[in-house]
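Student: Below is one structure. I have some questions about it.
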Amino acid sequence: MKGPRAVILDMDGVMVDSERHWRLSEDEHIRRLLPAWCEADTQAIVGLGVVDLYRWLVKNRGLKTPEADFLSMCDRMAADIYGSRVAVAPDLGALLGELKRRGLKLGLASSSPAVWVGLVLDRFGLRADFSAVATGDETPGRTKPDPDLYLLAAARLGVAPAACAAVEDSRYGVQAAKSAGMRCVAYRGAENSAQDLSAADAEVGALRDVPAALERLAW
Numbered sequence: 274m275k276g277p278r279a280v281i282l283d284m285d286g287v288m289v290d291s292e293r294h295w296r297l298s299e300d301e302h303i304r305r306l307l308p309a310w311c312e313a314d315t316q317a318i319v320g321l322g323v324v325d326l327y328r329w330l331v332k333n334r335g336l337k338t339p340e341a342d343f344l345s346m347c348d349r350m351a352a353d354i355y356g357s358r359v360a361v362a363p364d365l366g367a368l369l370g371e372l373k374r375r376g377l378k379l380g381l382a383s384s385s386p387a388v389w390v391g392l393v394l395d396r397f398g399l400r401a402d403f404s405a406v407a408t409g410d411e412t413p414g415r416t417k418p419d420p421d422l423y424l425l426a427a428a429r430l431g432v433a434p435a436a437c438a439a440v441e442d443s444r445y446g447v448q449a450a451k452s453a454g455m456r457c458v459a460y461r462g463a464e465n466s467a468q469d470l471s472a473a474d475a476e477v478g479a480l481r482d483v484p485a486a487l488e489r490l491a492w
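Residues in the sequence shown are numbered consecutively from 274, following my numbering.
And the structure:
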């Protein structure tokens with residue numbers, strides 16, 4: 274088929290249903306640090322890496338907690354969320370199988386640290402599905418919406434960014450993929466209904482619809 278040579282997936286909210294679990298944990302733990310925390314704040318941080326999240330909270334909400342303490346708190350939250358709470362997104366296995374059947378290389382670009390990503394890949398047996406993985410701790414201070422993670426994943430796949438497509442669920446993720454020079458399919462589900470995904474090249478409501486969406490794009 275005419276289309277991309279590689280597809281690079283986001284993890285949180287695309288591969289696993291972690292966004293709702295993070296929302297609950299963040300509301301509980303961050304509100305202890307910042308009592309005025311609200312839904313608008315929750316939406317504003319979707320897609321940020323943990324270091325960028327800390328910097329955002331310091332800059333925009335006046336967080337006083339030391340960085341090391343904040344990151345340690347997030348690691349504990351992540352161990353619980355990825356280790357026991359999350360489930361694989363519906364149709365993920367079918368999507369990966371179809372993309373591989375079409376001969377496409379698969380990559381993963383996540384603002385989450387490698388340890389968190391590894392929990393998901395190992396728990397659900399997904400590590401062998403991806404030829405390249407790029408994680409937020411490899412581009413500290415330059416996670417989504419910056420393009421660095423997608424550029425790193427494309428380089429590891431050996432595919433030019435223009436020949437890659439991304440699958441994203443957040444405004445920052447879409448911005449990152451587009452800034453990297455890639456086409457982007459946005460995955461819209463119940464947990465990201467408030468996200469502005471208008472910059473994406475296409476939008477789907479189920480992962481099984483991604484291949485058809487890619488076919489409809491100009492390449």
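Each residue gets a CB set at the ideal place from its N, CA and C atoms; glycine is no exception.
These figures come from a predicted structure and were not determined experimentally.
1) Mapping DSSP to helix, strand and coil, what is G391?
2) Kindly indicate which three-state DSSP category R456 falls into: helix, strand or coil?
3) Whose C-beta lies closer than 7 Å to the C-beta of S404 among residues of the same chain, with five residues either side of it excluded?
4) Thinking C-beta only, is P386 closer than 7 Å to T408?
5) To the nearest angstrom, report how far apart C347 and A360 are at their CA atoms.
6) Pick out whichever of L307, A479, Q468 and E441 has its Cα sitting closest to the Cα of V280.
7) Who are the near neighbours of E340 in its chain, counting only those whose CB is closer than 7 Å to its CB and skipping five residues on each side?
8) Work out the CA separation of W389 and A351 for me, nearest whole Å.
9) Sorted by chain position, which residues of the same chain lie with C-beta nearer than 7 Å to M274's C-beta, five sequence neighbours on each side aside?
10) Using 7 Å as the threshold, is the C-beta distance between S384 and K417 below it?
11) Would DSSP call I303 helix, strand or coil?
12) Quick one: is N333 buried, meaning 16 or more other Cβ sit within 10 Å of its Cβ, or exposed?
13) Give the DSSP-derived three-state secondary structure of G335 in the structure shown.
14) Nearest-angstrom Cα distance between G478 and A427?
15) Taking the Cβ atom as the reference point for each residue, do A459 and V447 lie within a distance shorter than 7 Å?
16) Please return the same chain residues whose Cβ sits closer than 7 Å to the Cβ of S443, not counting the five positions on each side in sequence.
17) Under DSSP, the beta strand (DSSP E) around L480 begins and ends at which residues?
18) Quick one: what's V289 bridged to in DSSP?
19) Tell me which same chain residues have a C-beta within less than 8 Å of the C-beta of H294, skipping the five on either side of it?
Tutor: Let me lay it out:
1) Residue mapping note: residue 391 aligns to position 118 of the sequence shown, counting from 1. Three-state result, G391: helix.
2) Counting from one through the sequence shown, the residue named residue 456 turns up at place 183. Strand at R456.
3) Within the sequence shown, residue 404 is the residue found at index 131, counting from 1. Excluding sequence neighbours, S404 sits near K378, L379, G380 and L430.
4) Counting from 1 along the sequence shown, the entry for residue 408 is found at position 135. Counting from 1 along the sequence shown, the entry for residue 386 is found at position 113. Yes. Within cutoff.
5) Against the sequence shown, residue 347 aligns to sequence position 74. Against the sequence shown, residue 360 aligns to sequence position 87. As the crow flies, the alpha-carbon of C347 is around 19 Å from that of A360.
6) On the sequence shown, position 7 is the one that residue 280 refers to. Out of L307, A479, Q468 and E441, E441 has the C-alpha closest to the C-alpha of V280.
7) Position 67 of the sequence shown, counted from the first residue, corresponds to residue 340. Excluding sequence neighbours, E340 sits near Y327.
8) Position 78 of the sequence shown, counted from the first residue, corresponds to residue 351. Position 116 of the sequence shown, counted from the first residue, corresponds to residue 389. Distance between the alpha carbons of A351 and W389: 7 Å.
9) One-based indexing of the sequence shown puts residue 274 at position 1. Interpretation of M274 is limited by its pLDDT of 49, a score under 50 that renders its predicted location unreliable; no figure is taken from the coordinates.
10) The residue given as residue 384 occupies position 111 in the sequence shown. The residue given as residue 417 occupies position 144 in the sequence shown. For S384 and K417, yes; Cβs fall inside 7 Å.
11) By one-based count along the sequence shown, residue 303 stands at place 30. Residue state, collapsed to three classes: helix.
12) Sequence index remark: in the sequence shown, residue 333 carries index 60 (1-based). So N333 counts as exposed.
13) Translated into positions along the sequence shown, residue 335 becomes position 62. Coil.
14) As a working mapping, residue 478 is identified with position 205 in the sequence shown. As a working mapping, residue 427 is identified with position 154 in the sequence shown. In a straight line, the C-alpha of G478 is about 25 Å away from that of A427.
15) Taking the sequence shown and counting its residues from 1, one reaches residue 459 at position 186. Taking the sequence shown and counting its residues from 1, one reaches residue 447 at position 174. Contact: yes.
16) Numbered from its first residue, the sequence shown carries residue 443 at position 170. Excluding positions up to five away in sequence, the list reads G286, V319, G320, N465 and Q468.
17) The residue given as residue 480 occupies position 207 in the sequence shown. Here L480 belongs to no beta strand (DSSP E), and DSSP marks it neither H nor E.
18) Along the sequence shown, one-based indexing puts residue 289 at 16. V289 is bridged to D285 and V361.
19) As a working mapping, residue 294 is identified with position 21 in the sequence shown. Here the set comprises I354, R358 and V359.
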